[in-house]
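Asker: Take this structure first; my questions come after.
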DNA sequence: ACAAGTATACTGACTAATCAGTATGTATCA
DNA sequence: TGATACATACTGATTAGTCAGTATACTTGT
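Protein chains in written order, with my numbering: chain A, 1 to 193; chain B, 194 to 386.
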């Protein structure tokens with residue numbers, strides 16, 4: 001199936017929303033990014049809000065697929081697979097298009113807790129935790145659910161640290177170090193448990 | 194010194210920006226919150242951006258003071274002081290005005306890494322790490338700098354988790370659990386090191 | 001003690017720009 | 001010929017920021 005105009009639009013919206021934020025991105029920005037006209041946009045989506053939702057869904061899909069492909073490619077044992085999740089994050093942080101986590105950002109921008117962006121963000125994170133729990137189960141850890149929640153806190157902390165202090169000029173410098181520190185803590189958790 | 198009109202304005206701006214976000218808050222909102230006229234605002238600040246900066250500075254001051262007062266009041270030994278930081282966060286998460294961390298939120302909303310809000314956010318986090326390092330030094334830990342960075346990652350992860358999944362209706366429920374999980378990991382770090 | 005000056009606050013209407021969303025008409029391609 | 005995309009210009013609302021004129025209260029000089 002060739003990428004439709006609708007897909008182009010969602011991809012463009014996803015990139016712009018990720019780079020500049022949801023409220024700061026205008027529909028003109030998205031139009032220019034994707035070479036798409038205003039009316040095509042409104043033929044596919046009723047409102048900007050719906051486009052936000054579609055962009056977040058695609059981001060969730062792409063991100064989780066890339067994560068899983070990375071882990072499948074780089075790790076063999078169950079233990080290595082858990083730690084590879086942190087290596088994936090390090091690569092992400094040090095890449096030049098890193099703008100933090102779109103879902104954390106969405107939770108910061110949308111103040112109403114029961115809005116669609118907030119619900120999608122929570123679902124995304126729950127999917128990450130579910131994936132982590134599967135890896136913990138495969139590794140034979142005694143309480144995979146708790147460990148998965150702990151590992152997720154480490155990942156969230158690393159993401160935020162890479163974004164907040166890792167990207168400013170002075171003091172910050174290396175966003176990757178947050179991932180390595182988190183990995184170090186993760187190692188202790190899964191090896192001791 | 195009685196609270197001046199300028200202070201009222203900064204407090205109102207701080208509350209509104211924290212609750213609704215920076216881009217989503219209009220000057221009208223802040224006016225209404227503080228009972229302050231438009232011209233008073235522009236007599237004290239050249240622009241909304243400057244008000245954002247002032248609000249962030251005040252938030253930083255208030256937050257760090259509350260944290261330090263809590264720790265001083267609730268903990269005696271150096272080890273207890275480190276762990277009390279996590280208890281402080283649990284109280285914060287479960288309070289009804291919790292809207293995440295203003296500085297994480299600012300880093301999500303402002304895309305330019307060298308903008309004032311991003312720099313202030315980085316500085317705030319570096320101050321937190323500095324405080325944690327002091328506690329680690331007092332506790333006689335062998336590598337207080339590294340441990341402080343690790344503890345900070347745990348705190349960041351807890352804050353984000355409490356915000357993103359702790360505040361949505363289904364699945365979320367208890368924002369405080371993220372703080373307790375982080376504290377559990379922190380305990381292991383400072384007791385093994 | 002009192003008048004003038006000064007600083008700060010207020011109200012309310014105005015501007016210029018930007019935004020989401022709409023309407024109209026044309027080109028393309030099956 | 002009919003669906004889909006295009007370009008462009010519009011509406012109406014909201015926004016940051018400005019301006020004019022007024023009220024209040026604290027100094028200061030005489």
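Note that CB positions come from ideal geometry on N, CA and C, so glycine has one too.
It should be emphasised that the depicted structure is a prediction, and the values quoted were computed from it without experimental measurement.
Quick one: is residue 210 (chain B) near chain A, going by C-beta distance under 8 Å?
Answerer: no
Asker: Among B:354, B:217, B:221, B:379, which has the Cα closest to the Cα of residue 291 (chain B)?
Answerer: B:354
Asker: Short of 7 Å in beta carbon distance, which residues of its chain neighbour residue 83 (chain A), apart from the five on each side in sequence? Order them along the chain.
Answerer: 183, 186, 187
Asker: Does residue 39 (chain A) pass the burial test, meaning 16 or more other C-beta atoms within 10 Å, or should it be called exposed?
Answerer: exposed
Asker: Below 8 Å on C-beta distance, what does residue 293 (chain B) contact in chain A?
Answerer: Neighbours of residue 293 (chain B) on chain A, chain order: 107, 108.
Asker: Check residue 229 (chain B) in the structure and name its three-state DSSP category.
Answerer: Under the three-state reduction of DSSP output, residue 229 (chain B) falls in the coil class, being neither helix nor strand.
Asker: Three or more C-beta pairs closer than 8 Å, one from the region 305-313 of chain B and one from the region 116-127 of chain A: is that the case here?
Answerer: no
Asker: Is the shortest distance between the beta-carbon of residue 244 (chain B) and the beta-carbons of chain A less than 8 Å?
Answerer: no
Asker: Please confirm whether residue 249 (chain B) has its beta-carbon closer than 8 Å to some beta-carbon of chain A.
Answerer: no
Asker: Taking Cβ positions, are residue 293 (chain B) and residue 106 (chain A) nearer each other than 8 Å?
Answerer: It is not a contact, given that the beta carbons lie outside the stated cut-off.
Asker: Compile a chain-ordered list of the residues in the region 149-167 of chain A whose CB is closer than 8 Å to at least one CB of chain B.
Answerer: 149, 150, 152, 153, 154, 155, 156, 157, 158, 159, 160, 161, 163, 164, 165, 167
Asker: Contact between the region 368-375 of chain B and the region 339-354 of chain B is defined here as three or more beta-carbon pairs at a separation below 8 Å; is this criterion met?
Answerer: yes
Asker: By alpha-carbon positions, which one of B:270, B:285, B:325 ends up nearest to residue 343 (chain B)?
Answerer: B:325
Asker: Could you name the residues of the same chain whose beta carbon sits closer than 7 Å to that of residue 174 (chain A), not counting the 5 residues immediately before and after it, in chain order?
Answerer: 166
Asker: Would you mind working out which of B:385, B:197, B:202, B:278 sits nearest residue 245 (chain B), comparing C-alpha positions?
Answerer: B:202
Asker: Under 9 Å between beta-carbons, which chain B residues line up against residue 21 (chain A)? List them in chain order, please.
Answerer: 216, 301, 302, 303, 304
Asker: Comparing alpha-carbon positions, which option in B:339, B:346, B:265, B:333 lies nearest residue 297 (chain B)?
Answerer: Checked all of B:339, B:346, B:265, B:333; the closest Cα to residue 297 (chain B) is B:346.
Asker: For residue 67 (chain A) and residue 144 (chain A), I'd like the C-alpha separation in whole angstroms.
Answerer: 19 Å
Asker: Return helix, strand or coil for residue 114 (chain A), following the three-state DSSP convention.
Answerer: Three-state result, residue 114 (chain A): coil.
Asker: Closest to residue 93 (chain A) by C-alpha separation, out of A:190, A:70, A:176, A:25, would be which residue?
Answerer: A:176
Asker: Rounded C-beta distance between residue 274 (chain B) and residue 328 (chain B)? I'm assuming under 8 Å.
Answerer: 5 Å
Asker: Out of curiosity, what's the CA-to-CA distance linking residue 163 (chain B) and residue 127 (chain A)?
Answerer: No answer is possible for residue 163 (chain B): it lies beyond the span of chain B, which begins at 194 and ends at 386.
Asker: Give every residue of the same chain whose Cβ lies closer than 8 Å to the Cβ of residue 41 (chain A), excluding the five residues on either side of it in the sequence, and list them in chain order.
Answerer: 9, 27, 30, 31, 51
Asker: Just to check my reading of the structure: residue 168 (chain A) and residue 306 (chain B) have Cβ atoms closer than 8 Å, yes? What is that Cβ distance to the nearest angstrom?
Answerer: 6 Å
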